[in-house]
Structure formats: C-alpha cells, structure tokens
Amino acid sequence: MSSFKSKPLNYSKKLSYLFIGLFSLMGTLAPAVITQAEVRGIAKGIRFDFVTFYESPGFRGASFTVESAGEISSLSARQLDFYSGLTGFSSRQRVSWDNVISSIAFNGAFKVTLFSERNFAGTQVSYTTSQRNLAAKNRIVIDNQTSSLKWEPLLEGQGQPRVIFYDRQNFEGNSFFLYPGDTIGKLSTKRRDSRRKDWDDEIRSVRVVGSEVRVILYADKEYDNKRVTIRSDASSLLPIGFSAVASSVRVLSSGINSGRN
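Pasting the structure below:
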C-alpha cells in the first residue's frame with residue numbers, strides 16, 4: 364500500500380483547526396468543519412447539536428459530522444473528507460468510510476446506532492454518549508466494522524421545540540435543525556454535506572417540534588421576496604409551491620416576532 368502524502372494547509376484551514384483545538388481544550392467537541400455562520404452563531408450563544416465520527420480512537424484523524432436525524436445505508440458510498448480531518452490524505456486517494464469509524468463525539472442529546480453490514484443489517488450497537496475508543500474492553504466490538512448507521516436526536520421529554528429541515532421529501536436525506544429565535548439570512552452559507560454543497564434552494568420537507576413553533580421560509584436571501592409560514596409537519600413543500608425554493612429562514616414561537624410582517 365502506498366503511503367499517505369501530507370497536503371500543505373492554507374491559512375483558513377489552519378484557522379479552522381485552531382478553532383477545533385480551542386473548543387477541545389474547553390471540553391466542547393467542535394464539528395469537523397465549522398462554517399463562518401456557525402462560528403457567529405456560537406458567539407451569539409446559538410446551540411448547534413451534532414455528532415462527529417472519527418477514523419481513529421481518541422477523536423482523531425479524518426471525520427464527518429451529522430445533525431438532526433438521518434441514516435447512511437452504505438458507508439462505502441461515502442468518501443473520506445480529505446480536507447476536514449487532521450490526517451492529511453492526498454486528494455488522489457479514494458477511500459470510503461466503510462469499516463473505518465473508531466470513535467464518536469456527541470454534542471447534544473443523540474442516539475447513534477452502528478451496523479456491521481450495509482442496509483442496517485448484521486451486528487448493531489447503540490450509543491447515547493461519546494465513545495473514545497470503539498475497541499474498548501467489555502463492549503461488542505464494532506471498531507472499524509461499521510458499514511451503515513442511523514442517528515436521531517433525543518427530543519422526548521426535553522422540552523426543546525425546534526424545526527428540522529430536510530433536503531428530500533418525507534423527512535429524508537440530509538437535515539439540520541434550528542431553535543426558536545434562530546435565523547439564517549443566507550442558506551448558501553450552511554454546508555449540507557461533506558462535498559461542500561449548501562442548503563440554498565434545497566429544503567423539501569420540514570418537521571415542526573412544538574405546538575407554538577412556526578417557521579418562515581423566504582425565496583430570497585436576507586428574508587426577502589416571496590415567503591411561506593409553516594406551523595406543522597410538512598412531508599412535502601410541493602403542494603405549497605416552496606419545494607427547493609428557500610434561500611433564508613426564521614424559526615419563531617410565541618413571544619418571538621419575525622420583525623417583518
């Protein structure tokens with residue numbers, strides 16, 4: 364096997380890793396890649412819940428981060444994100460995440476289930492807390508043996524209203540969530556997956572958690588142009604003519620006004 368070649372880091376990547384190191388020192392596990400919008404949100408006290416999967420024990424090496432609820436039926440179809448981890452893989456190498464995961468970091472309340480086979484088959488193990496080493500003693504060995512996985516936030520009984528956004532109909536695909544009072548003026552600044560795709564014109568279904576929560580989707584950035592208000596689960600935005608249309612979003616509840624009527 365050919366050896367891995369290190370790739371020089373530019374200034375922005377070094378700065379991203381500095382943020383990760385600072386959050387780790389403070390006891391908070393940062394996501395593999397923090398967008399500028401998320402950095403500003405953290406500074407304002409906005410919560411960003413996520414789970415990060417790492418290729419090596421001790422939360423080290425290449426990684427990828429997920430939010431909200433979702434699943435990956437085959438990790439062989441997901442390639443290592445060469446530019447998010449600390450390993451320095453060459454972009455010429457094509458390595459998948461199949462049988463690679465060795466540690467998991469939780470930020471927020473989640474349940475993660477790992478499967479040893481594709482399509483959620485084989486041995487399965489569930490976790491609700493960070494796992495520094497999946498090969499640790501007295502555990503079912505799943506280290507470097509995960510081929511598919513599922514994750515979901517533990518919402519029941521927590522009193523945490525929120526809105527979950529999906530890039531596919533029927534609450535499937537990539538997702539992220541916001542709490543009442545959270546806003547995103549440019550969905551183009553929020554990364555959707557490890558291939559650097561963003562959320563502009565990508566929201567296709569919405570799940571609303573909480574009876575007093577509502578979300579306003581806007582067709583243009585900075586809360587402009589056509590808009591629609593959603594107060595309950597919408598498995599498809601096609602009937603209201605807003606599927607893959609939103610470029611900005613506000614999440615509101617009783618006592619929180621949009622500021623623009």
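According to the numbering used here, numbering within the sequence shown proceeds without interruption in unit steps and concludes at 624. In this text, a Cβ means the ideal position worked out from N, Cα and C, and glycines have one as well.
Per DSSP, the bridge partner or partners of residue i
i: R577; result: L615
i: D587; result: D583
i: D561; result: R554
i: V569; result: F528 and A597
i: F539; result: F528
i: F427; result: F416
i: I547; result: V612
i: S459; result: Q442
i: Q494; result: I467
First and last residue of the uninterrupted beta strand (DSSP E) at residue i
i: L512; result: S511 to P516
i: Y490; result: A484 to Y490
i: S466; result: S466 to N470
i: F478; result: F473 to E480
i: I435; result: G433 to I435
Option nearest residue i by Cα separation, candidates the options
i: T592; options: T552, V569 and A432; result: V569
i: Y529; options: E434, E575 and G573; result: E434
i: F534; options: P420, S606, G421 and S419; result: S606
i: D412; options: G485, E515 and A425; result: E515
i: T546; options: F422, F427 and A609; result: A609
i: E430; options: I464, A468 and E418; result: A468
i: L497; options: R525, A484, Q523 and I464; result: I464
i: V414; options: L601, N470, I603 and R525; result: N470
i: S439; options: D461, R525, R554 and E585; result: D461
i: Q532; options: D587, P602, A499 and D506; result: P602
i: S538; options: K553, P524 and G544; result: K553
i: S436; options: Q523, S466 and G536; result: G536
i: Y586; options: L550, S574, I566 and A484; result: L550
i: G424; options: A432, R495, A484 and T486; result: R495
i: D583; options: G573, V571 and W562; result: W562
i: R567; options: E575, I527 and N588; result: I527
i: R507; options: E418, V571 and G548; result: This sequence places Asn at residue 507; Arg is not what is there. If we check each option's Cα against that of N507, E418 comes out closest.
i: Y542; options: V458, E575 and K589; result: E575
i: G485; options: G573, P420 and I505; result: I505
i: A432; options: V571, K589, F540 and G573; result: F540
Residue i at chain C interface by Cβ criterion, 8 angstroms
i: S426; result: You won't find chain C in this structure, because it holds only one protein chain.
- Task: Mind the definition here: the stretch 506-518 touches the stretch 477-491 only if three or more C-beta pairs lie below 8 angstroms; say whether that holds.
- Result: Output reads yes: the stretch 477-491 touches the stretch 506-518.
- Query: On the three-pair Cβ rule with 8 angstroms, is the stretch 592-606 touching the stretch 543-558?
  - Reply: With the cut-off at 8 angstroms, the stretch 592-606 and the stretch 543-558 do not touch.
- So does the stretch 579-594 actually touch the stretch 610-617, counting three or more Cβ pairs closer than 8 angstroms? At 8 angstroms Cβ cutoff, the stretches touch.
- Message: Could you check whether the stretch 486-496 touches the stretch 470-477, counting it as contact only if at least three pairs of C-beta atoms, one from each stretch, sit closer than 8 angstroms?
- Response: Touching, per the Cβ criterion.
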